[in-house]
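Numbering (this note's numbering), first residue to last: 529 to 669.
What follows is one structure encoded as structure tokens, with my remarks underneath.
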């Protein structure tokens with residue numbers, strides 16, 4: 529396997545450590561994946577690699593929600609979670625937990641309702657379909 533020198537860290541790395549820039553030509557990025565992630569984090573969130581490592585250490589290398597260690601081969605770093613209104617950094621989350629919060633648009637009321645939903649004791653009876661109408665079979669006591 530051939531190697532390429534990253535223009536940011538000046539380290540020779542295997543070609544699979546660089547993103548593909550152009551599928552048609554096979555041209556690779558000149559910045560390695562690790563440096564690209566760090567650069568993107570600094571540019572979009574203003575979080576330096578040193579600050580990221582401090583958060584990682586403070587969270588013992590675990591997601592702030594599910595407490596799992598980062599083990600994904602695809603996602604080599606935790607997501608830096610932040611308040612989208614104030615841009616205040618909250619901490620590090622795994623990809624799944626970050627997507628979950630994003631799915632709720634960081635709305636604490638929606639998350640609270642979802643938690644209440646999960647804690648329900650009695651589920652709603654399943655609907656039955658008859659022809660073109662939907663009816664609920666409710667037992668009368």
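Think of the CB as a built atom: it goes at the ideal place given N, C-alpha and C, for glycine as much as any other residue.
This structure is a prediction, so every number in the text was calculated from the model and none was measured.
(message) My output table needs one value for residue 629: the three-state DSSP class, helix, strand or coil.
(response) Residue 629 sits at position 101 when you count from the first residue of the chain shown. Helix at residue 629.
(request) Classify residue 547 as buried or exposed, calling it buried when 16 or more other Cβ atoms lie within 10 Å of its own Cβ. (result) Position 19 of the chain shown, counted from the first residue, corresponds to residue 547. When all chains shown are included, residue 547 counts as exposed.
(message) Residues in the same chain with beta-carbon distance under 7 Å from residue 549, minus the five sequence neighbours each way, listed in chain order, please.
(response) Here residue 549 refers to the residue found at position 21 of the chain shown. Result list for residue 549: 555, 556, 557, in chain order.
(request) Look at residue 530 and residue 541 and say whether their C-beta atoms are less than 8 Å apart. (result) Position 2 of the chain shown, counted from the start, is the residue given in the question as residue 530. Position 13 of the chain shown, counted from the start, is the residue given in the question as residue 541. For residue 530 and residue 541, no; Cβs fall outside 8 Å.
(request) Just grab the DSSP bridge partners of residue 609 for me. (result) Here the question's residue 609 lines up with position 81 in the chain shown. In DSSP, residue 609 forms a bridge with 619.
(request) For the stretch 551-595, list the beta strand (DSSP E) runs that are entirely contained and at least 3 residues long, ordered along the chain. (result) 555-560
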